[in-house]
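Input: a single structure, listed below in structure tokens.
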Amino acid sequence: MLYEMATGRTPFQEKSGPLLMEAILNRPPAAPSAVNRRISPALEAVILKAIDKDPDRRYQSARELRVDLERLSSTPTPAIRPAPRSKKMWAAGIVVALLAALLAIGYRMHFLASKPSSDRIILAVLPFEVLTNEEDIGFLRVGIADSIITKLAGFGRLRLRPTSAILRYEKQRAGRAP
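The opening position of the sequence shown corresponds to residue 87 in the working numbering, with each subsequent residue numbered one higher.
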């Protein structure tokens, strides 16, 4: 965790579990100062000791780690001069550009995505008509329609009406649109 706090990333960048375990067990992490140039050699030594692969070289207790961290915090740090004005302007420009991009994405998602697309097919599967006199299978009328709606929901271009929305058309006969 100390490595991540100082560098802004984890010691190993592998994505899959087996590769990550192999890296932790067999490879040294990137030097913290290679990831973040502002890390002092003293802080880097503390971080590397905390994650050393050899348990005998690691900190043996949290108290021992705390002593080294307190020693680091008591040593004066060199004054950091403020960033030049041109860098501040550059950073401000990036922030403004990011905000503009976020606003554009938000606008697109809210206003443009909510309009129905003309290439989408709108489909309503009506309850089926039972042609026999057996009343005990009447539940299949809506059940089969609902099952078909569920299966068709996986197709991206189809926009389906839920069964609850089409039950009011139950008594009408199905036909083709002109």
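Ideal Cβ placement from N, Cα and C applies to all residues, glycine included.
Would a C-beta distance cut-off of 9 Å place residue i and residue j closer than the cut-off?
i	j	result
Ala231	Ile207	no
Ile133	Leu105	no
Ala109	Leu158	no
Pro118	Phe98	no
Ala136	Arg144	yes
Val216	Gly224	yes
Can you name the start and end residues of the alpha helix (DSSP H) that residue i belongs to?
i	result
Arg95	Looking at the DSSP string, Arg95 is not in any alpha helix (DSSP H), and its letter there is neither H nor E.
Lys139	Premise fails: Lys139 is in no alpha helix (DSSP H) and is neither H nor E.
Arg157	148-160
Ser119	118-121
Would you mind working out which of the options sits nearest residue i, comparing C-alpha positions?
i	options	result
Leu69	Ser159, Arg152, Asp138, Asp154	Any answer about residue 69 is impossible in this case: the structure gives the chain only from 87 up to 264.
Val211	Glu100, Ser159, Leu246	Leu246
Val250	Gly240, Gly242, Ser160, Ile235	Contrary to the premise, residue 250 reads as Ser rather than Val in this sequence. Taking only the C-alpha atoms, the option nearest Ser250 is Ile235.
Val121	Ala131, Thr93, Ser102	Thr93
Arg243	Asp222, Leu209, Leu217	Leu209
Arg254	Ala239, Lys237, Pro213	Pro213
For the ligand MG, I want to know if residue i counts as a neighbour, meaning its beta carbon is within less than 8 Å of at least one of the ligand's heavy atoms.
i	result
Ala178	Here there are no bound small molecules, and the ligand MG is not part of this structure.
- [ ] Check whether the stretch 167-185 touches the stretch 147-157, counting contact only when three or more Cβ pairs, one atom from each stretch, lie closer than 8 Å.
- [x] no
Task: Whole runs of the beta strand (DSSP E) within the stretch 184-254, excluding any shorter than 3 residues - done: 207-209, 244-246
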